[in-house]
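Enquirer:
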Amino acid sequence: MALQPFLAALVEDGHVGVAVDGDLALTAPVTAELEMLDRLARLNLAADPSDFSVAAAHWAATMLYQGCLFIVRRELAEAEVLEKLSVPCPEPRNPGSDYSVDLIFRYLPDVIALARQICPGDPLLTGLLQLASQWPLSSVGVAGVDGVIVDSFIEDASLRQLYADRILATGDFARANDDRVAQSIQESLGGYHELCPELPPSLKKEFA
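Residue 69 in this note's numbering sits at position 73 of the sequence shown, and the numbers go up by one each step.
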């Protein structure tokens, strides 16, 4: 399966197909699919995020495709798996690249959950968790992701709110160890702590 139908299936129902010889090139149909994801995502954000980067979104799509491929192709060498999952994003880290990567990596937690079921302890899981740590906006709720740094996106109002919303939705309050994140969570609740019974006392005390 090529990248465009992979993306279409990912958004439609999450039942994707992959192939070792899948075409991962940035073609016109792939670009159109990514731009559609951008348009749809903007409809659900509190404010306009930074500019969309096709290059960053395409990179994320290829990484997620390969992550899915490595789950089903268990015979592939460990070195090959880790090497391909270590390819860096071609765009510098900033709100625009983080937003663009998140259009695809918001599905990364599902891939990690599947990998934990099928191949726990496998180097593939290590590679996927490294991606989760590097791209914290997309990995809220994933266990085993420590030491995240949010500087690349947290000053963007739309992404900061998105991050806070995801933390509240998943109860992943370990992510609130940054004052900017904690402040955003408290502002989201508006002082109504009862809306989130799981809210840690430390957040209530500091930002009440």
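Ideal placement from N, C-alpha and C gives every residue a C-beta, glycine not left out.
Hey, alanine 165 and leucine 199 are a contact pair by Cβ (cut 8 Å); roughly how many whole angstroms apart?
Expert: As a working note, residue 165 is residue 169 in the sequence shown. As a working note, residue 199 is residue 203 in the sequence shown. That pair is no contact at about 15 Å.
Enquirer: With a CB to CB cut of under 7 Å and the five nearest residues on each side skipped, what residues in its chain are close to aspartate 34?
Expert: Stepping through the sequence shown from its first residue, residue 34 is reached at position 38. Phe48 and Leu99.
Enquirer: Let's see if you can read the secondary structure: which residues bound the alpha helix (DSSP H) around cysteine 64?
Expert: Working through the sequence shown from its first residue, we reach residue 64 at position 68. Taken as a continuous stretch (DSSP letters only), the alpha helix (DSSP H) holding cysteine 64 covers 50 to 68.
Enquirer: So is alanine 172 buried or exposed if we call it buried at 16+ other beta carbons inside 10 Å?
Expert: Working through the sequence shown from its first residue, we reach residue 172 at position 176. The residue in question, alanine 172, is buried, as its Cβ has 16 or more Cβ neighbours within 10 Å.
Enquirer: Can you round the beta-carbon distance between alanine 73 and leucine 3 to whole angstroms, since I take them to be within the 8 Å contact cut?
Expert: On the sequence shown, residue 73 is found 77 positions in, with the first residue counted as 1. On the sequence shown, residue 3 is found 7 positions in, with the first residue counted as 1. With 8 Å as the limit, alanine 73 and leucine 3 do not qualify as a contact, their Cβ atoms being about 27 Å apart.
Enquirer: Within the continuous alpha helix (DSSP H) that includes arginine 156, where are the two ends?
Expert: As a working note, residue 156 is residue 160 in the sequence shown. Unbroken alpha helix (DSSP H) run through arginine 156: 153 to 166.
Enquirer: Out of Asp152, Ala160 and Leu(-1), state which residue places its alpha-carbon closest to the alpha-carbon of leucine 22.
Expert: Sequence index remark: in the sequence shown, residue 22 carries index 26 (1-based). The shortest C-alpha separation from leucine 22 is found at Leu(-1).
Enquirer: If I measure Cβ to Cβ from isoleucine 114 and keep anything under 7 Å in the same chain, skipping five residues before and after, which residues do I get?
Expert: Numbered from its first residue, the sequence shown carries residue 114 at position 118. Once the five neighbours on either side are set aside, the close Cβ partners of isoleucine 114 are Ile67.
Enquirer: Would you mind reading off the limits of the alpha helix (DSSP H) that contains aspartate 205?
Expert: Examination of residue 205 is not possible in this model, given that the chain is present from -3 through 204 alone.
Enquirer: Please work out which residues of its chain come closer than 7 Å, Cβ to Cβ, to glutamate 87, disregarding the five sequence neighbours upstream and downstream, and give them in chain order.
Expert: By one-based count along the sequence shown, residue 87 stands at place 91. Around glutamate 87: Ser49, Ala51, Ala52 and Ser93.
Enquirer: Taking the beta carbon of threonine 70 as the centre, do at least 16 other beta carbons fall within 10 Å, making it buried, or is it exposed?
Expert: Stepping through the sequence shown from its first residue, residue 70 is reached at position 74. Rather than threonine, the amino acid found at residue 70 in this sequence is arginine. The residue in question, arginine 70, is exposed, as its Cβ has fewer than 16 Cβ neighbours within 10 Å.
Enquirer: In angstroms, rounded to a whole number, what distance separates the CA positions of arginine 89 and glutamate 194?
Expert: Along the sequence shown, one-based indexing puts residue 89 at 93. Along the sequence shown, one-based indexing puts residue 194 at 198. Their backbone Cα atoms lie some 32 Å apart in a straight line.
Enquirer: Run through the region 74 to 155 for me and flag every whole alpha helix (DSSP H) of 4 or more residues, listed as ranges in chain order.
Expert: Here the runs fully enclosed are 74 to 81, 91 to 101, 104 to 114 and 119 to 130.
Enquirer: Is the beta carbon of leucine 30 less than 8 Å from the beta carbon of histidine 11?
Expert: For the purposes of this step, residue 30 is identified with residue 34 of the sequence shown, where counting begins at 1. For the purposes of this step, residue 11 is identified with residue 15 of the sequence shown, where counting begins at 1. Against a cut-off of 8 Å, the Cβ pair of histidine 11 and leucine 30 comes out as no contact.
Enquirer: For glycine 140, which option in Ala170, Ala15, Cys64 and Arg176 has the closest C-alpha, if you only look at C-alpha atoms?
Expert: In the sequence shown, counting from the first residue as 1, residue 140 sits at position 144. Looking at the Cα atoms, Ala170 is the closest of the given residues.
Enquirer: With DSSP as the reference, label aspartate 175 as helix, strand or coil.
Expert: Your numbering for residue 175 matches position 179 in the sequence shown. DSSP places aspartate 175 in helix when its eight states are reduced to three.
Enquirer: Residue range of the alpha helix (DSSP H) that valine 7 falls in?
Expert: Taking the sequence shown and counting its residues from 1, the one referred to as residue 7 is at position 11. Looking at the DSSP string, the run of the alpha helix (DSSP H) that includes valine 7 is -1 to 8.
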